[in-house]
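> In this note's numbering, the protein residues as written are 488 to 638.
1) Just to check my reading of the structure: residue 540 and residue 504 have Cβ atoms closer than 8 Å, yes? What is that Cβ distance to the nearest angstrom?
2) Using a Cβ-Cβ cut-off of 6 Å (strictly less than) and excluding sequence neighbours within five positions of residue 550, which residues of its own chain qualify?
3) Can you grab the Cα-Cα spacing for the pair residue 577 / residue 611, in whole Å?
4) Are the beta-carbon atoms of residue 526 and residue 508 separated by less than 8 Å?
5) Look at the alpha carbon of residue 605 and the alpha carbon of residue 591, and state the distance between them as a whole number of angstroms.
6) Helix, strand or coil for residue 533? Go by DSSP, reduced to three states.
7) Could you compute how far the alpha carbon of residue 501 sits from the alpha carbon of residue 553?
8) Pull up the distance between the alpha-carbon of residue 528 and that of residue 548, whole angstroms please.
9) Can you tell me the Cβ-Cβ gap for residue 556 and residue 494, rounded? I've got them flagged as a contact below 8 Å.
10) Tell me which residue opens and which closes the alpha helix (DSSP H) that residue 504 is part of.
11) Identify which residue in 530, 575, 600, 538 has its Cα closest to the Cα of residue 498.
12) DSSP state of residue 579, grouped into three classes?
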């Protein structure tokens, strides 16, 4: 667990002070009540600062306040998982599911109805509109360069 970097505490943060004797947010309240004080005395670390930190952690209200400021993260595992997901996506980019649904053709029965409806209709390609002299027509390959799936 890590402390929120923006944490402001009146004095040193108790978990930081007592880290030398192995106190973490996972330390039980029972261990804080009896074992930690002896460990601090055995190691010669029972300073006024350590005693204040120990007292703050033994009080449930202040300990809960401290625990709210801690985040349970494992950067190494998170980074490894995200990296694996990214590498898998790069190996087979494919088409995103949302785009595949939009690009999918309707069922054949619907298309056959359109064929019957349009049977006998003459289709003609309309003439292109007149473009101003300053406008150059787009090269035919440009629209394909603009459409790209990153997923």
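Glycine is no exception: its CB is placed at the ideal position from the N, C-alpha and C atoms.
So, from the listed chains and residues:
1) Sequence index remark: in the chain shown, residue 540 carries index 53 (1-based). Sequence index remark: in the chain shown, residue 504 carries index 17 (1-based). Yes, they are in contact, since the Cβ atoms of residue 540 and residue 504 sit about 4 Å apart, within 8 Å.
2) Locating residue 550 in the chain shown gives position 63, counting from the first residue. So the qualifying residues of the chain are 544.
3) Along the chain shown, one-based indexing puts residue 577 at 90. Along the chain shown, one-based indexing puts residue 611 at 124. Roughly 43 Å separates the two Cα atoms.
4) Numbered from 1 along the chain shown, position 39 holds the residue referred to as residue 526. Numbered from 1 along the chain shown, position 21 holds the residue referred to as residue 508. Contact flag set, yes.
5) Against the chain shown, residue 605 aligns to sequence position 118. Against the chain shown, residue 591 aligns to sequence position 104. Taking the straight line from one Cα to the other gives about 21 Å.
6) On the chain shown, residue 533 is found 46 positions in, with the first residue counted as 1. DSSP places residue 533 in coil when its eight states are reduced to three.
7) Reading the chain shown from its first residue, position 14 is the one you call residue 501. Reading the chain shown from its first residue, position 66 is the one you call residue 553. Whole-angstrom Cα-Cα distance: 8 Å.
8) Here residue 528 corresponds to residue number 41 of the chain shown, with the count starting at 1. Here residue 548 corresponds to residue number 61 of the chain shown, with the count starting at 1. Using only the alpha carbons, I get a separation of about 25 Å.
9) Counting from 1 along the chain shown, the entry for residue 556 is found at position 69. Counting from 1 along the chain shown, the entry for residue 494 is found at position 7. At roughly 5 Å, the Cβ-Cβ gap stays under 8 Å, so residue 556 and residue 494 are in contact.
10) For this step, residue 504 is matched to residue 17 along the chain shown. Looking at the DSSP string, the run of the alpha helix (DSSP H) that includes residue 504 is 501 to 504.
11) The residue you call residue 498 lines up with position 11 of the chain shown. Ranking 530, 575, 600, 538 by Cα distance to residue 498 puts 538 first.
12) Position 92 of the chain shown, counting from 1, holds the residue named residue 579. In the displayed model, residue 579 falls within coil according to three-state DSSP, outside both helix and strand.
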